[in-house]
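Novice:
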Amino acid sequence: MWLALALLSVLHGMAAGECFLNSPFPKNPEATMNISEMVSFWGYPSEEYDVVTEDGYILQLNRIPHGRGNYGPVALLQHGLLTEGSIWLTNLANSSLGFILADAGYDVWIGNSRGNTWSRRHQVLTTTQDEFWAFSFDEMAKYDLPAMISFIEQKTGQKQLYYIGHSQGTTIGFIAFSTMPELAQKIKVFFALSPVTTVIFSQSPFRKLSVFSDSGLKVGLHYVLHSQNVFRRDCEIIYGLFHSRFDVYMGHTPAGSSVQNIIHWLQGVHGGALRAFDGGHMYNSLHYQQTGAPFYDVQDMEVPTAVWNAGQDCMADPRDTALLLPQVRNLVHHKLIPHWNHMDFVLGLDATDILYREILDIMKKHPLKMLVLLDTIFFLVLSLEDFEISFKSFEFFESF
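The sequence shown: position 212 = 729 (this note's numbering), numbered continuously.
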């Protein structure tokens with residue numbers, strides 16, 4: 518009974534926040550589009566790929582190869598908890614980071630973590646099997662991120678890229694880049710937007726659930742994580758507000774995750790540190806060869822890192838960020854935005870002026886040495902009186 522009441526409380530609390538991003542009155546065509554369709558809708562070239570992880574999950578990876586210009590340096594964008602790749606494209610084109618980067622000459626790749634709307638496939642398992650959902654952000658860092666980066670490297674030939682993560686997208690970055698040095702070498706700059714490594718001070722609605730047992734949460738959270746209708750109904754009942762983009766936000770969020778992932782986050786409320794999922798003595802002994810869940814040490818990461826956090830962030834509380842910053846060994850930039858909340862980094866109408874221009878400036882200060890194949894065929898014949906000069910078709914590489 519108490520668990521049910523708590524879940525309802527969380528639902529209403531989350532819906533209250535979501536309603537400022539959602540509306541029951543769809544009027545924008547993007548509200549029902551997938552990521553590729555959203556990209557094409559705004560007139561950009563769109564590519565979509567399936568990436569298979571080492572443990573068999575099939576992830577959707579989207580690409581905007583260029584904007585108004587030609588191919589350029591690679592930027593990989595990774596979404597946060599309960600969202601998906603379209604979060605980088607949800608506002609108008611001149612206010613969405615994915616399109617802004619494309620127009621600035623970057624080769625934009627958009628990741629989708631396992632379990633979200635677009636990454637619910639596996640080579641062997643189905644979504645009806647519990648084994649499919651037996652993952653948390655541990656596996657996203659260990660398998661998803663390396664698979665996506667490796668695929669991008671093979672596809673583009675580029676040895677380094679810019680990584681931009683929001684919320685949980687930063688968490689898996691900190692874990693992956695601190696535990697896999699070879700992967701870390703492929704990151705030119707890590708842009709951490711609303712970074713989350715600890716949730717000691719978090720005031721997220723999910724925090725209310727941290728008092729319940731893992732077994733109880735597994736039952737109660739299943740309905741929450743796999744249904745958008747709950748959020749939509751609560752929005753209609755509580756607010757019924759209308760905004761020009763609310764329907765687009767609602768059409769793509771929440772995008773789902775696993776119960777184990779949420780439990781992993783709730784463990785951080787009491788644990789006070791960035792640790793692997795604690796599945797109990799038997800689970801830990803099998804997976805980690807020790808009885809306790811191991812810690813992740815952000816100080817082991819050497820990637821140049823730029824951090825932005827928000828003063829009104831209920832998930833990434835400024836006090837948690839204050840604990841993180843001294844651990845970032847190669848901090849190249851930090852900015853606190855006092856009036857922002859957790860979603861302003863991806864949905865804020867003033868994000869272009871406050872954040873995105875700064876990201877572009879830092880990219881220019883840390884340019885990628887990229888290999889560009891000029892595959893345009895040139896043919897020039899200069900006929901002179903006594904001789905003919907022919908420049909036949911050729912290909913060449915230019916480093917810059």
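C-beta atoms are modelled at their ideal positions from N, C-alpha and C, and glycine is treated no differently. Computed from a predicted structure; not experimentally measured.
Assuming Ala664 contacts Ala693 under a Cβ cut-off of 8 angstroms, what Cβ separation, rounded to an integer in Å, is found between them?
Specialist: Position 147 of the sequence shown holds residue 664. Position 176 of the sequence shown holds residue 693. 11 angstroms between Cβ atoms; not a contact.
Novice: Between Leu594, Gly597 and Leu606, which lies nearest to Met550 when the distance is taken from Cα to Cα?
Specialist: Here residue 550 is taken as the residue at index 33 of the sequence shown, counted from 1. The shortest C-alpha separation from Met550 is found at Leu606.
Novice: Do Val815 and Leu791 have their CB atoms nearer than 8 angstroms?
Specialist: Residue numbering aside, residue 815 sits at position 298 when the sequence shown is read from its first letter. Residue numbering aside, residue 791 sits at position 274 when the sequence shown is read from its first letter. For Val815 and Leu791, yes; Cβs fall inside 8 angstroms.
Novice: What distance in whole Å lies between the Cβ atoms of His583 and Pro562, which are believed to be in contact at a cut-off of 8 angstroms?
Specialist: Sequence index remark: in the sequence shown, residue 562 carries index 45 (1-based). Sequence index remark: in the sequence shown, residue 583 carries index 66 (1-based). Rounded, the Cβ-Cβ distance is 7 angstroms, consistent with contact.
Novice: Where do the N-terminal and C-terminal ends of the alpha helix (DSSP H) with Lys882 fall, by residue?
Specialist: In the sequence shown, counting from the first residue as 1, residue 882 sits at position 365. Taken as a continuous stretch (DSSP letters only), the alpha helix (DSSP H) holding Lys882 covers Arg874 to Lys882.
Novice: What are the boundary residues of the alpha helix (DSSP H) that includes Thr838?
Specialist: Position 321 of the sequence shown, counted from the start, is the residue given in the question as residue 838. Per DSSP, Thr838 belongs to the alpha helix (DSSP H) from Pro835 to Leu841.
Novice: Taking only the alpha-carbon atoms, compute the straight-line gap between Gly757 and Asn801 and give it to the nearest angstrom.
Specialist: One-based indexing of the sequence shown puts residue 757 at position 240. One-based indexing of the sequence shown puts residue 801 at position 284. In this prediction, Gly757 scores a pLDDT of 32, lower than 50, which makes its location untrustworthy; the coordinate-derived value is nonetheless stated afterwards. Between Gly757 and Asn801, the C-alpha separation is close to 46 angstroms.
Novice: Taking only three categories from DSSP, how would you classify Phe649?
Specialist: Stepping through the sequence shown from its first residue, residue 649 is reached at position 132. Note: Phe649 maps to helix in three-state DSSP.
Novice: Quick check: the Cα distance between Ile681 and His798, rounded to an integer number of angstroms?
Specialist: Counting from 1 along the sequence shown, the entry for residue 681 is found at position 164. Counting from 1 along the sequence shown, the entry for residue 798 is found at position 281. The straight-line gap from Cα to Cα measures roughly 35 angstroms.
Novice: Measure the beta-carbon distance from Tyr679 to Ala619 and round it to whole angstroms, keeping in mind my assumption that it falls under 8 angstroms.
Specialist: Here residue 679 corresponds to residue number 162 of the sequence shown, with the count starting at 1. Here residue 619 corresponds to residue number 102 of the sequence shown, with the count starting at 1. Rounded, the Cβ-Cβ distance is 13 angstroms, inconsistent with contact.
Novice: Measuring only the C-alpha atoms, how far is Val863 from Trp782?
Specialist: The residue you call residue 863 lines up with position 346 of the sequence shown. The residue you call residue 782 lines up with position 265 of the sequence shown. Approximately 21 angstroms, taken between the alpha carbons.
Novice: Check whether the Cβ atoms of Tyr566 and Arg631 lie closer than 8 angstroms to each other.
Specialist: As a first step, residue 566 is located in the sequence shown; it is residue number 49 there, counting from the start. As a first step, residue 631 is located in the sequence shown; it is residue number 114 there, counting from the start. No. Outside cutoff.
Novice: Which partner residues of Arg638 appear in the DSSP bridge assignment?
Specialist: On the sequence shown, residue 638 is found 121 positions in, with the first residue counted as 1. Per DSSP, Ile575.
Novice: Roughly how many angstroms separate the alpha carbons of Phe645 and His787, rounded to a whole number?
Specialist: Here the question's residue 645 lines up with position 128 in the sequence shown. Here the question's residue 787 lines up with position 270 in the sequence shown. Looking at the sequence shown, residue 645 is not Phe but Thr. Distance between the alpha carbons of Thr645 and His787 is about 31 angstroms.
Novice: Taking all protein chains shown into account, do 16 or more other C-beta atoms lie within 10 angstroms of the C-beta of Val641, making it buried, or fewer, making it exposed?
Specialist: The residue labelled residue 641 in the question sits at position 124 within the sequence shown. Classification for Val641: exposed.
Novice: Assign Trp825 to one of three DSSP states: helix, strand, or coil.
Specialist: Walking along the sequence shown from the start, residue 825 turns up at place 308. Strand.
Novice: Measure the C-alpha to C-alpha separation of Arg836 and Phe718 and round it to an integer number of angstroms.
Specialist: Stepping through the sequence shown from its first residue, residue 836 is reached at position 319. Stepping through the sequence shown from its first residue, residue 718 is reached at position 201. Between Arg836 and Phe718, the C-alpha separation is close to 7 angstroms.
Novice: Taking the beta carbon of Glu564 as the centre, do at least 16 other beta carbons fall within 10 Å, making it buried, or is it exposed?
Specialist: Translated into positions along the sequence shown, residue 564 becomes position 47. Exposed: under 16 other Cβ atoms inside 10 Å.
Novice: Pairs of beta-carbons, one from the stretch 818-829 and one from the stretch 701-714, closer than 8 angstroms: are there three or more?
Specialist: Taking 8 angstroms as the limit for Cβ pairs, the verdict is that the stretch 701-714 does touch the stretch 818-829.
Novice: Name the residue from Ile581, Asn633 and Trp857 whose alpha carbon lies nearest to the alpha carbon of Ile622.
Specialist: One-based indexing of the sequence shown puts residue 622 at position 105. First, the amino acid is wrong: residue 622 is Gly here, not Ile. The shortest Cα separation from Gly622 among Ile581, Asn633 and Trp857 belongs to Ile581.
Novice: How is the beta strand (DSSP E) around Ala772 delimited, first residue to last?
Specialist: Counting from one through the sequence shown, the residue named residue 772 turns up at place 255. Premise fails: Ala772 is in no beta strand (DSSP E) and is neither H nor E.
Novice: What would DSSP say about Leu848, mapped onto helix, strand or coil?
Specialist: Position 331 of the sequence shown holds residue 848. Leu848: strand per DSSP, three-state reduction.
Novice: Is Ala810 helix, strand or coil by DSSP?
Specialist: By one-based count along the sequence shown, residue 810 stands at place 293. Coil at Ala810, not helix or strand.
Novice: Is it buried or exposed for Thr570, if we count other Cβ within 10 angstroms and need 16 for buried?
Specialist: By one-based count along the sequence shown, residue 570 stands at place 53. Thr570 is buried by the Cβ-count criterion.
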